[in-house]
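Below: the structure, in structure tokens.
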Amino acid sequence: MNGEVEALVEQFPHVTVNYVEQPSGDNDNFAIAKLSRGADGKFKRTHRVQLPGHPIVGEGKPENQNMGLVWSRGMYVQTIDMNQDAHLAEGLKLRNVLRLYGSDEDIVLIGFTEQLISGRQGSVSSFAATSEAVFGTLLQRFMTNPLRVRMHYGHPDIWDGAFIRSSGGVSKASRRLHLSEDVYGG
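Last residue of the sequence shown: 188 (this note's numbering), numbering continuous.
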């Protein structure tokens, strides 16, 4: 581990580290590895998944999301950004939201509006927040009902875990298409 990662896990002991192992002299394959804190308090590699080729196909964010998906557990996966802070309101709605999956077999993605915290920082951030609200909320709701088409765009969205694990992940990894990597959902 490098010094920055060591400082992070020192400050936040519950953190699990996911990283890409580069090919070395004895092993010429890429792998995704997981570090967890052992009983002695030190970080050790606990899991390793060998990859068929180079893991970085596209942009950093979708690649990190899809590589982290390897370690996710459970029937549902919520995609959130690191700046969303797990607000109390997010936790309160989860129990009720997860009941929706039992009510309709067709549900793969439940979308939510993103809580925008940067809209008051100036005219540029206000414009960005407004365009985010129009596309991420108004347009997405229209596409959901009546059109029955929902693209993943908002970060607090909840996915059917089996669907995303079997269809390429939660983000599109592409070197050429830089529109919105989240929309394609695998």
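Every residue gets a Cβ at the ideal spot worked out from N, C-alpha and C, and that includes glycine.
Short of 8 Å in beta carbon distance, which residues of its chain neighbour residue i, apart from the five on each side in sequence? Order them along the chain.
| i | result |
| --- | --- |
| GLU134 | GLU116 and LEU118 |
Could you tell me which of the options sits nearest to residue i, measuring between CA atoms?
| i | options | result |
| --- | --- | --- |
| ASN66 | ARG39, GLU8, GLY113 and ILE82 | ILE82 |
| LEU100 | SER173, ASP30 and ASP162 | ASP162 |
| ASN20 | ASN68, ALA41 and ASP28 | ASN68 |
| THR48 | GLY40, PRO54 and SER128 | GLY40 |
| ALA33 | VAL126, ASP108, PHE45 and GLN52 | GLN52 |
| ILE160 | SER169, LEU102, GLU23 and VAL136 | LEU102 |
Can you list, in chain order, the residues of its chain whose CB lies under 6 Å from that of residue i, leaving out five sequence neighbours each side?
| i | result |
| --- | --- |
| THR18 | SER38 |
| VAL110 | ASP162 and PHE165 |
| ILE58 | GLU65 |
Once the 5 residues before and after residue i are set aside, which same chain residues still bring their CB inside 7 Å of it?
| i | result |
| --- | --- |
| GLU8 | none |
| PRO158 | GLN80, ILE82, GLN86, GLU92, PHE114 and GLU116 |
| LEU10 | VAL17 |
Our contact map puts residue i next to residue j with C-beta atoms below 8 Å; I'd like the distance itself, whole angstroms only.
| i | j | result |
| --- | --- | --- |
| SER168 | LYS63 | Their Cβ separation, rounded to whole angstroms, is 22 Å, which puts SER168 and LYS63 out of contact at 8 Å. |
Which term fits residue i, buried or exposed, when burial requires 16 or more other beta carbons within 10 angstroms of its beta carbon?
| i | result |
| --- | --- |
| LEU71 | buried |
| GLN123 | exposed |
| GLY171 | buried |
Residue ranges of each alpha helix (DSSP H) within the region 47-78, 4 or longer:
62-70
Can you check the region 5-51 for any alpha helix (DSSP H) of at least 4 residues that lies completely inside it and give the ranges in chain order?
5-13
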